[in-house]
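Undergrad: Numbering (the numbering used here), first residue to last: 207 to 431.
A virtual CB, placed ideally from N, CA and C, is assigned to each residue, including glycine.
Nothing here was measured: the structure is a model prediction, and the numbers come from that model.
1) Anyone know if the C-beta pair for residue 363 and residue 337 falls short of 8 Å?
2) With residue 363 as the anchor, note down where its alpha helix (DSSP H) starts and where it stops.
3) Below 7 Å CB to CB, which residues in the same chain sit around residue 299 once its five sequence neighbours on both sides are set aside?
4) Hey, could you find the ends of the alpha helix (DSSP H) residue 242 is sitting in?
5) Assign residue 321 to one of two classes, buried (16 or more other C-beta atoms within 10 Å of its C-beta) or exposed (fewer than that).
6) Nearest-angstrom Cα distance between residue 361 and residue 248?
7) Less than 8 Å between the beta carbons of residue 402 and residue 375, yes or no?
8) Please state if the CB of residue 220 and the CB of residue 251 are separated by a distance shorter than 8 Å.
9) Taking just the CA atoms, how far does residue 342 sit from residue 226?
10) Taking the alpha-carbon positions, what's the residue 405 to residue 377 distance?
11) Taking its Cβ as the centre, do 16 or more other Cβ atoms sit within 10 Å of residue 239, making it buried, or is it exposed?
What follows is the structure, encoded as structure tokens:
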């Protein structure tokens with residue numbers, strides 16, 4: 207899903223990739239429909255889906271490779287180039303309409319329940335897992351204690367707390383008793399964290415304390431680590 211979201215998301219790169227991919231596979235009519243449906247299920251954008259559908263089916267029942275047997279290579283190349291261009295224009299048009307009407311606005315998730323029973327951190331963990339790439343997760347005041355393991359943020363997200371003195375995410379209820387760090391952010395992710403305190407992560411020679419982020423974490427203001 208992350209790879210599909212990265213290269214076939216609702217953006218210019220996704221549209222260009224879909225147009226190119228569609229020309230390369232250029233499959234007979236109807237085969238591309240289940241392909242596009244499957245890719246939509248794992249995160250492909252709607253604009254890129256339309257582009258891929260158009261480019262892959264442009265030759266109808268005959269592939270570009272088949273057309274090359276009955277037409278000159280120059281003609282097929284011109285047809286393929288025009289198909290790529292029209293597919294990209296259509297995809298960018300759909301993308302523009304989506305942005306104009308707010309369809310492509312980043313998702314915002316608000317956690318509305320909080321307790322120290324472990325339920326609150328489950329909600330936070332679920333919110334991170336279920337959030338779309340680029341989403342904002344708003345975390346209300348409270349202390350969120352890990353009960354299972356570290357929180358892994360494997361996508362571009364923004365976490366916004368109610369303030370460093372009000373929203374606390376911790377690996378354990380007291381320092382020196384945790385079995386894990388608090389957060390892990392894999393390389394290549396763009397994560398913004400603000401308005402929270404992150405504390406009580408495990409500290410030893412093998413597991414870095416509190417937060418591990420080989421990726422660059424931006425916008426870390428009004429929080430404590």
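TA: To lay it out plainly:
1) The residue you call residue 363 lines up with position 157 of the chain shown. The residue you call residue 337 lines up with position 131 of the chain shown. Yes, they are a contact pair.
2) Your numbering for residue 363 matches position 157 in the chain shown. From DSSP, residue 363 is part of no alpha helix (DSSP H) but of the beta strand (DSSP E) over 363-366.
3) The sequence position of residue 299 within the chain shown is 93, counting from 1. Same-chain partners within the cutoff: there are none.
4) The residue you call residue 242 lines up with position 36 of the chain shown. The continuous alpha helix (DSSP H) containing residue 242 extends over residues 238-247.
5) What you label residue 321 is simply residue 115 of the chain shown in a count that begins at 1. Because residue 321 sits at a pLDDT of 45, beneath the cut-off of 50, its placement in the model cannot be relied upon, and the point is left open.
6) Mapped onto the chain shown, residue 361 falls at position 155. Mapped onto the chain shown, residue 248 falls at position 42. Distance between residue 361 and residue 248, taken at the CA atoms: about 14 Å.
7) On the chain shown, residue 402 is found 196 positions in, with the first residue counted as 1. On the chain shown, residue 375 is found 169 positions in, with the first residue counted as 1. Cβ atoms of residue 402 and residue 375: closer than 8 Å.
8) Stepping through the chain shown from its first residue, residue 251 is reached at position 45. Stepping through the chain shown from its first residue, residue 220 is reached at position 14. The answer is yes: Cβ separation under 8 Å.
9) Translated into the one-based positions of the chain shown, residue 226 becomes position 20. Translated into the one-based positions of the chain shown, residue 342 becomes position 136. Residue 226 and residue 342: Cα-Cα distance of roughly 32 Å.
10) Within the chain shown, the letter at position 199 stands for residue 405. Within the chain shown, the letter at position 171 stands for residue 377. Roughly 7 Å separates the two Cα atoms.
11) Position 33 of the chain shown, counted from the first residue, corresponds to residue 239. Its Cβ having fewer than 16 others within 10 Å, residue 239 is exposed.
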